[in-house]
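Student:
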Amino acid sequence: EPEVTQTPSHQVTQMGQEVILRCVPISNHLYFYWYRQILGQKVEFLVSFYNNEISEKSEIFDDQFSVERPDGSNFTLKIRSTKLEDSAMYFCASSLGQLANYGYTFGSGTRLTVV
Amino acid sequence: DAKTTQPNSMESNEEEPVHLPCNHSTISGTDYIHWYRQLPSQGPEYVIHGLTSNVNNRMASLAIAEDRKSSTLILHRATLRDAAVYYCILRDPGANSKLTFGKGITLSVRP
Numbered sequence: 001e002p003e004v005t006q007t008p009s010h011q012v013t014q015m016g017q018e019v020i021l022r023c024v025p026i027s028n029h030l031y032f033y034w035y036r037q038i039l040g041q042k043v044e045f046l047v048s049f050y051n052n053e054i055s056e057k058s059e060i061f062d063d064q065f066s067v068e069r070p071d072g073s074n075f076t077l078k079i080r081s082t083k084l085e086d087s088a089m090y091f092c093a094s095s096l097g098q099l100a101n102y103g104y105t106f107g108s109g110t111r112l113t114v115v
Numbered sequence: 116d117a118k119t120t121q122p123n124s125m126e127s128n129e130e131e132p133v134h135l136p137c138n139h140s141t142i143s144g145t146d147y148i149h150w151y152r153q154l155p156s157q158g159p160e161y162v163i164h165g166l167t168s169n170v171n172n173r174m175a176s177l178a179i180a181e182d183r184k185s186s187t188l189i190l191h192r193a194t195l196r197d198a199a200v201y202y203c204i205l206r207d208p209g210a211n212s213k214l215t216f217g218k219g220i221t222l223s224v225r226p
């Protein structure tokens, strides 16, 4: 069964450093998403991406965050200057369509620890 | 997206059926009912979705009340691997309808 692949599985970084989280969505999917989950809390939407543009972003997705699809397969989330509160699991997801009758496929996540 | 209400937790025995309830009294006529689950230390996983009719797939069944104000996810034979947080999520049919997670219901499975 097709999978969404995320690398690395765990990233430790110092406060103020830039990090790039990588994702390979399912190849024929067109819509891409980033979510995060702080330990013990809900899974929160960050951003959706389609046709090389951001479709929607949440309040969490401020100027420190950016997304890119640099080639036909990768989808990246960059945090420019990490803060302690950015420590969380980050999940990438993809979907064949955007409408409500399509499901999302999530990756296993990247655990980001900011020290 | 309209809200859903789920119990905080539920326990079941291995190899027995499990019925996970979800109330969504403010559902609109066009909202889809989605279920996802999240196993420990994993990303969310799609389980099933439906609109009006009951749905079956290899993972589970979804029973939707006639008035659509509630639904039940049915795991026909629980295994230890089914222990997870299960999320009932409504999605409107609009073009920018994203998946919004609540707290979900934590299912424990006893051997």
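Protein chains in written order, with this note's numbering: chain L, 1 to 115; chain G, 116 to 226.
Positions of the beta carbon are idealized from the N, C-alpha and C atoms, including for glycine.
1. State the Cα-Cα distance for the pair R196 of chain G and G217 of chain G, rounded to the nearest angstrom.
2. Taking the beta strand (DSSP E) that Q157 of chain G falls in, what are its first and last residues?
3. Around the C-beta of M15 of chain L, are 16 or more other C-beta atoms found within 10 angstroms, so that it is buried, or is it exposed?
4. Kindly indicate which three-state DSSP category L214 of chain G falls into: helix, strand or coil?
5. For V4 of chain L, decide whether its Cβ has a neighbour in chain G, counting only Cβ atoms nearer than 9 Å.
6. Among residues of its own chain, excluding the 5 on either side of Y201 of chain G, which ones have a beta-carbon nearer than 7 Å to its beta-carbon?
7. Leaving out the 5 sequence neighbours to the left and right, which residues in its chain are closer than 8 Å to T13 of chain L when beta-carbon positions are compared?
8. Could you pull the start and end residues of the beta strand (DSSP E) that K78 of chain L belongs to?
9. For A100 of chain L, return the contacting residues in chain G, with the cut-off set at a CB-CB distance below 7 Å.
10. I want to see whether chain G comes within less than 9 Å of F65 of chain L, judged by CB atoms only; does it?
11. On the CB-based measure, 16 or more other CB atoms within 10 Å of its CB, does P159 of chain G come out buried or exposed?
Tutor: Reading from the atomic positions:
1. 22 Å
2. Neither: Q157 of chain G is in no beta strand (DSSP E) and is coded neither H nor E.
3. exposed
4. Three-state DSSP puts L214 of chain G in coil, outside helix and strand.
5. yes
6. L135, W150, R152, L188, G219, I220 and L222
7. V19, T82, L112, T113, V114 and V115
8. F75 to I79
9. Y147, R206, D207, P208 and S212
10. no
11. buried
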